[in-house]
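Asker: Take this structure, written in structure tokens, and hold onto it; I'll ask about it next.
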Amino acid sequence: MKKLLVLFLLIPLFLTAQSKKQKVIFDCDLGDDIDDAYALAYLLTQQDKLDILGITTCYGRTDDRARLALKMLHETGQGHIPVFMGRNTSHVDKRANWYADQFSWAKGFDKIKPQSKPAADFIMEQIKKYPNEVVIFSVGPVTNISDIIQKDPQILKKAKHIYAMFGSFEVGYNQKKPINAEWNVKVDVPASQKFVQSGAKITYAGTDVTSQVKLSAENRRILKEKNTPLTNALTDLYQLWGQETPTLFDPVAITMLLHPDLFQTEKRHISVDQQGFTRTSEGKPNAIIGLKIQETQVLEILMSHYLNQKFALKP
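Mapping to the numbering used here: the sequence shown position 212 is 425, numbers consecutive.
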């Protein structure tokens, strides 16, 4: 009887704690570059602060990307988080139809399956259910967001905020002028143009604040030797990626929400030209852009969470 009473008394405390968590959706092109995997791993370690409503996949072979996400969730005991596939765009160009080596890590995985609802419909549903409460992390081409705008041009204004790994504003990938046509922008210019003109509250984590965040060989060694389900998944995917030093573009978008003090930002009016360059111009600001980052502190935070993960399991 006492146990039941204690449980009854704890329920309101649990509900209060849940309600204080920030509701988020993670929209990604997992399996392309390696940074999406590191971003998802970081997101999973933040469940004491974030309520992950779902993961959505975008660009190209969205089914393979979803399978990769599902295996990563299963391996880390987070299979309760739903995964939704975006519209398959593998027909648009050769790169979109590319079978990434990372996909082989989850080939044949079927222990949990993606949801049947299309990613764009899921995101719209959650915004309608929780108006002005949902934060979207957009770390891939904005195909799903374009589909949302096509269905309802006003609904993104009801998202609390969007943090997007998107654009190049003052400097390019090499941290020098001129700017680059950043990948997530140029891969779907019409979608990117719709996105910047959507009227949504957007913060851009462009090349200015992402391209210098590198995962060194020493940090990769430390992660490999940690030998947990999360770090093992990252190590396996890194090895399949087959390149040398990962640039952690996508995790930066998440740290901009959780650690805004580590960034210098500025309000700007942003547009996208026909070549996929993000241009700033005079006019009423329609976005916040990241200009400077304390990359050493950001890397320390990421490594700390990868190594000291404490997942909040589904009650």
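Glycine included, each C-beta is placed from N, C-alpha and C at the ideal position.
Please read all numbers here as calculations on a predicted model, not as lab measurements.
1. Less than 6 angstroms between C-beta atoms, sequence neighbours within five positions excluded: which residues of the same chain meet that for A446?
2. Would you call A430 buried or exposed, if buried means 16 or more other Cβ atoms sit within 10 Å of its Cβ?
3. Could you please give the first and the last residue of the uninterrupted alpha helix (DSSP H) stretch that includes M469?
4. Counting only the same chain and skipping the five closest in sequence on each side, list residues whose C-beta sits under 8 angstroms from that of I467.
5. Return the first residue and the last residue of the alpha helix (DSSP H) that E338 is part of.
6. If you follow the alpha helix (DSSP H) that R308 is in, where does it begin and where does it stop?
7. So A254 is in the alpha helix (DSSP H); what residue range does that whole segment cover?
8. In the structure shown, what three-state DSSP assignment does M516 receive?
9. Helix, strand or coil, according to DSSP, for I224 in the structure here?
10. In the structure shown, what three-state DSSP assignment does Q487 receive?
11. Would you kindly work out how many angstroms separate the C-alpha atoms of K505 and P473, rounded to a whole number?
12. Does the Cβ of S405 have 16 or more other Cβ atoms within 10 Å, making it buried, or fewer, making it exposed?
13. Could you tell me the boundaries of the alpha helix (DSSP H) in which M298 lies?
14. With 16 as the cutoff for other CB atoms within 10 Å, does P327 come out buried or exposed?
15. Can you grab the Cα-Cα spacing for the pair D249 / S411, in whole Å?
16. Looking only at C-alpha atoms, which of T460, K414 and T441 sits nearest to L520?
Answerer: Let me lay it out:
1. M285 and E288
2. exposed
3. F462 to L471
4. A252, Y255, L256, Q259, F350 and Y376
5. A332 to K342
6. First-last for R308: undefined, no H or E at that position.
7. D248 to L257
8. helix
9. In this prediction, I224 scores a pLDDT of 40, lower than 50, which makes its location untrustworthy; no coordinate-derived value is stated.
10. coil
11. 11 angstroms
12. buried
13. Run containing M298: none in the alpha helix (DSSP H); it sits in the beta strand (DSSP E), V296 to M298.
14. buried
15. 24 angstroms
16. T441
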